[in-house]
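In my numbering, the protein residues as written are 1 to 433.
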Ligand code: ACO
């Protein structure tokens, strides 16, 4: 239970009736007012569309300070993890709460490697999809159907079953994603290879074909590993909250993760990386930036500067800084420093950051402003960008789902509403309407 920090008085100015509320102190960040007793004790609900001021849960996984541009996974700054860690180690950290010893890391890595194949029957699901079905539709469906394959380990109140699920989904999500990509291309599915690490194997399953040898390009694997670390978790964002809400009903964890994938798909969330590249191509050249920003600022136009703005960051998204730097390095290593889309993005960022519209609204580049440029450089097609995000975020979703289910005080998530519809009225027979 978090510590209580202060007492607040809520007074109904019409009746003069007062009520006392307490706040909780987090380990870091602003105090959180405990409004849970409000309905029971005072007959009131709170109204907060979009969760602008509402903490939906207590959590120990990830911390963000949006004003200072700070992001911590289990207390470790994202900059240190990006520079020194690996995605597999970060996944372990998120799920188990601590950095692993060398032995624990080797065991975890080996378990993930050995769980990476999927049931052959699952592979046949893909044939039911049109070749041009969006891969997010395919992976959310296949992940949901995994519950039908693992009846032996679906007891969500059994800690070992939860652990098996965690390893299985982290191991299999690249395989499931690669199968969706191969289905789009009409190419044969490539089985995972246990002599490759997580990202090397992912690239192999995406880009190898059975008739030729495939050698993993280390620059690609390193860039991918960095992107997975940066996307691995982001506290109670829309998709993670969806996983928690779905999971709070006691549904199986594959169904909860599938719900998270669906929530991630939207352009206001994980779909933004795909939309950024579409936007950059639409703008085309630096000369068109002013005209495009004119449309963004015109409220009638409904155009957004994709990859800009964030609900929590009102300063630089620290992940965007790391990815911009990585773009320079990856493109230079690949001998493509003159990438026109990257040059356009850099100039667009520079112009937007001086523009009163973006300055006054504290709109900065977010994680997805530059991620698509790296994905493109390493050969990942645009339709798969959000899928890459889902592969990374699976680690965070699992950590949050585990945290919620292992909390003995867990309750089903059930928001209330401010009802503004009709009051009770009598049914009117059809001939009288
Ligand atoms: N381009 C233009 N204007 C914007 C943008 C943008 N990208 N983002 C916010 N604004 C404007 C809004 O129109 C609003 O203006 P107003 O005060 O004149 O009405 C103001 O800035 C505040 O924005 P809200 O939409 O209220 O902010 P909110 O926190 O609800 O939305 C969001 C955050 C959804 C990320 C929004 O900034 C957005 O749509 N950005 C573009 C999509 C994107 O990049 N999403 C990825 C987010 S990060 C992630 O999920 C990985």
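Idealized CB from N, CA, C, for every residue including glycine. Please read all numbers here as calculations on a predicted model, not as lab measurements.
Would residue i and residue j be called neighbours here (beta carbons separated by less than 7 angstroms)?
| i | j | result |
| --- | --- | --- |
| residue 25 | residue 3 | yes |
| residue 374 | residue 178 | no |
| residue 136 | residue 386 | yes |
| residue 351 | residue 289 | yes |
| residue 167 | residue 111 | yes |
| residue 371 | residue 273 | yes |
| residue 377 | residue 418 | no |
| residue 296 | residue 285 | no |
| residue 399 | residue 61 | yes |
| residue 5 | residue 31 | yes |
| residue 97 | residue 74 | yes |
| residue 214 | residue 384 | no |
| residue 228 | residue 82 | no |
| residue 90 | residue 232 | yes |
| residue 321 | residue 67 | no |
Within 10 angstroms of its Cβ, does residue i collect 16 or more other Cβ (buried), or is it exposed?
| i | result |
| --- | --- |
| residue 404 | buried |
| residue 211 | exposed |
| residue 126 | buried |
| residue 27 | exposed |
| residue 47 | exposed |
| residue 428 | exposed |
| residue 184 | buried |
| residue 11 | exposed |
| residue 349 | buried |
| residue 317 | buried |
| residue 51 | exposed |
| residue 364 | buried |
| residue 1 | exposed |
| residue 13 | exposed |
| residue 433 | exposed |
For a test of your reading of the model: does the CB of residue i fall under 6 angstroms from any non-hydrogen atom of the ligand ACO? Yes or no.
| i | result |
| --- | --- |
| residue 202 | no |
| residue 353 | no |
| residue 362 | no |
| residue 136 | no |
| residue 268 | yes |
| residue 314 | no |
| residue 311 | yes |
| residue 329 | no |
| residue 304 | yes |
| residue 70 | no |
| residue 308 | yes |
| residue 296 | yes |
| residue 320 | no |
| residue 272 | yes |
What residue range is occupied by the uninterrupted alpha helix (DSSP H) comprising residue i?
| i | result |
| --- | --- |
| residue 45 | Note, residue 45: premise wrong, no alpha helix (DSSP H); not H, not E. |
| residue 222 | 218 to 231 |
| residue 245 | 238 to 247 |
| residue 98 | Careful: residue 98 lies outside any alpha helix (DSSP H) and carries neither H nor E. |
| residue 328 | 318 to 333 |
| residue 122 | 120 to 125 |
| residue 253 | 253 to 264 |
| residue 384 | Segment: none, residue 384 is in no alpha helix (DSSP H) and carries neither H nor E. |
| residue 372 | 368 to 377 |
| residue 84 | 78 to 84 |
| residue 275 | 272 to 283 |
| residue 364 | That residue, residue 364, is in no alpha helix (DSSP H); it is neither H nor E in DSSP. |
| residue 435 | The structure shown has nothing for residue 435, since the chain only spans 1 to 433. |
| residue 360 | 356 to 360 |
| residue 289 | 289 to 297 |
In the DSSP assignment, the beta strand (DSSP E) including residue i goes from what residue to what residue?
| i | result |
| --- | --- |
| residue 64 | 62 to 65 |
| residue 73 | 70 to 73 |
| residue 7 | 3 to 11 |
| residue 24 | 18 to 25 |
Using a Cβ-Cβ distance under 7 angstroms, would residue i count as near chain B?
| i | result |
| --- | --- |
| residue 409 | No chain B is present in this structure, which holds just one protein chain. |
Compute the minimum distance between the beta carbon of residue i and the heavy atoms of the ligand GDP, and state whether it is under 6 angstroms.
| i | result |
| --- | --- |
| residue 366 | Absence of the ligand GDP from the depicted structure is noted, with the ligand ACO being the only ligands included. |
**Message:** I'd like the ranges of any alpha helix (DSSP H) spanning at least 4 consecutive residues and lying wholly in the region 150 to 228.
**Reply:** 159 to 185 and 198 to 207
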